[in-house]
Amino acid sequence: MGAVLGLCSMASWIPCLLCRCCPSGNNSTVTRLIYAFFMLLGVGIACIMLMPGMEEHLKKIPGFCEGGMGSSIPGVKGHVNCDVLVGYKAVYRVCFGMAMFFLLFSLIMVKVKSSQDPRASVHNGFWFFKFAAATAITVGAFFIPEGPFTTVWFYIGMAGAFCFILIQLVLLIDFAHSWNESWVEKMDEGNSRCWYAALLSATTINYALSLISLVLFYVYYTHSDGCTENKVFISINMLLCVGASVLSVLPKIQESQPRSGLLQSSIVTLYTMYLTWSAMTNEPDRRCNPSLLGIIGLNSTTPAGQDRVVQWWDAQGIVGLILFLMCVLYSSIRNSSNSQVNKLTLTSDESALIEDGPAPENFEVGDGTNRAIDNEKDGVTYSYSFFHFMLFLASLYIMMTLTNWYSPDANYQTMTSKWPSVWVKITSSWICISLYVWTLVAPLVLTNRDFD
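Going by mature numbering (1 follows the signal peptide of the UniProt record, and there is no 0), the letters in the sequence shown line up with residues -19 to -1, 1 to 433, in that order.
Rendered as structure tokens:
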């Protein structure tokens, strides 16, 4: 516990270092980066808890674990259940602490309109106390008795992760729109052939990766005499992606939304392929769910008939972590002058919003230490409450990713793949495509609204 508190104290200096390294940064951006760092710190701790051999090392500490083999000090008796400090149980509790911290701040920051609100100073400062509070909540989570907590938190995590997957789609579509707009503007400014070739190449690569994934899915995740569910999942998502891609280039869609194109469709298609693969990796039938080691020709370390070991370095976990990092960092550094993420993360009162641009006149130097610019005196550039709620969902998503969406068994001793995780993921892929299609057809359906 002392090591965790020491880590918390060290982490409290990070905000000051960020402000010194980014003297021209806006307060809104620096604050989001600090919260993102806090999230990444929790992810790192959760990954350490899953490292192989961690339990054996803890039990070697004299007098630390109950019944530990290292209790060589006379009269010292261990009082810590080290089974809870490692494996998926530890991941559940670390992520519980992070999730409750962000949920608490989400409730506190409801309807904060500007940095003049007293609650805004809590959001943008008091970092040591916030890290201490988050650490206390996380440490307290390890004292929650085993039993219903694990199962209940699993289903809560599955629901929250499902919502974060939808947020991932919105952020990816926003990134694709920004990417497309940036390169189209450069095409108009000059050297159009070069930028057109770059845009075409990026789109082609995304579709090529999607096609390769599709072929690999049929080869390794289906069999002629079985795996009917996988065949249905792959075929349906393939047809939906083809339909969305064709829809994005129809003349009527182009008239209402000239910025829509195949680049956005290719990114959505590739993301849908990832969700399809992620769903199939949770299928209980091992014959229809080969391990990555088995696919590349190596023997799996898990004997036949046994449940797979929960570890974050599985292929699914690595890809999920990469997507998580991209989304959290992108949402933290995103400039508020762009409209796509605004619809998701900014306040509904547009009159209260201001540009997240530079304001040199507000730059504070003081005694030589650099400070971030307070660019939210007239109005917030993003919803504080929703930003914390998004991190709350991200905590649940990372919990499910690190544990491979496995479900605890009846005795809370092992983790197994079950169908609910499969259906949550495959349903999210269908909702993702539906949301993207709706962004294309909405201007044609809701003609009385301005989508510019």
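Even glycine gets a Cβ: it sits at the ideal position worked out from N, Cα and C.
Span of the alpha helix (DSSP H), counted from its first residue to its last, around residue i
i    : result
S205 : Note, S205: premise wrong, no alpha helix (DSSP H); not H, not E.
Y73  : 68 to 89
W134 : 129 to 170
C28  : 8 to 30
W404 : 400 to 426
I314 : 296 to 314
E236 : 232 to 237
K111 : 108 to 122
S246 : 243 to 261
V93  : Unbroken run through V93: none, as it is neither H nor E.
S102 : 99 to 105
A379 : According to the sequence shown, residue 379 is Ile rather than Ala. Unbroken alpha helix (DSSP H) run through I379: 365 to 383.
Euclidean distance between Cα positions of residue i and residue j
i           : j    : result
K406        : L228 : 24 Å
Q97         : R74  : 35 Å
P401        : T384 : 15 Å
A333        : F86  : Any reading at A333 is ruled out, since the residue's pLDDT is 37, under 50, leaving its predicted position unreliable.
S237        : L421 : 9 Å
L197        : N270 : 12 Å
G360        : V91  : 14 Å
S246        : V133 : 37 Å
L243        : V200 : 27 Å
I299        : A375 : 15 Å
C76         : I379 : 8 Å
S409        : F143 : 7 Å
residue 447 : F373 : Outside the shown range of the chain (-19 to 433) lies residue 447, about which nothing can therefore be said.
R174        : P424 : 31 Å
S259        : I186 : 21 Å
L84         : A140 : 15 Å
Q297        : W386 : 10 Å
F109        : R13  : 16 Å
G347        : I354 : With a pLDDT of only 38 at G347, under 50, the local geometry of the prediction cannot be trusted, and no value is derived from it.
L181        : N161 : 11 Å
L147        : V418 : 14 Å
residue 444 : P126 : Within the shown structure, residues of the chain are numbered from -19 to 433, placing residue 444 beyond reach of any answer.
S95         : S364 : 10 Å
Q149        : M307 : 9 Å
W411        : L195 : 16 Å
P232        : V213 : 31 Å
Y177        : V165 : 8 Å
V11         : F107 : 14 Å
residue 459 : H158 : Any question about residue 459 goes unanswered here, given that the chain covers just -19 to 433.
P234        : G128 : The amino acid occupying residue 234 in the given sequence is Ile; Pro does not appear at that position. Cα-Cα distance, rounded: 53 Å.
L152        : C413 : 12 Å
I193        : R268 : 21 Å
F135        : V72  : 11 Å
R15         : T131 : It is worth fixing the name first, because residue 15 is Ile in this sequence and not Arg. Distance between the alpha carbons of I15 and T131 is about 30 Å.
Exposure of residue i, with buried meaning 16 or more beta-carbon neighbours within 10 Å
i    : result
F368 : buried
A179 : exposed
G224 : exposed
K70  : buried
V249 : buried
N218 : buried
E331 : Caution is warranted here: a pLDDT of 39 is assigned to E331, below 50, making its placement in the model unreliable, and the coordinate value is therefore given only provisionally. Classification of E331: exposed, given that the 10 Å Cβ count is below 16.
V426 : exposed
E357 : buried
A122 : buried
S388 : buried
A189 : exposed
D155 : buried
T362 : buried
S205 : exposed
P55  : Because P55 carries a pLDDT of 42, less than 50, the predicted location of this residue cannot be relied on, and no value is offered for it.
T184 : buried
S226 : buried
Beta carbon of residue i nearer than 9 Å to that of residue j
i           : j    : result
K111        : F82  : yes
M261        : V120 : no
S216        : V230 : no
V93         : A101 : yes
N263        : K399 : yes
I137        : L377 : yes
M371        : S415 : no
L302        : T382 : yes
S191        : L251 : yes
residue 436 : N105 : Nothing in the structure corresponds to residue 436, since the chain is present only between -19 and 433.
T116        : G68  : no
L221        : T253 : yes
I89         : V103 : yes
V309        : A113 : no
D169        : C208 : no
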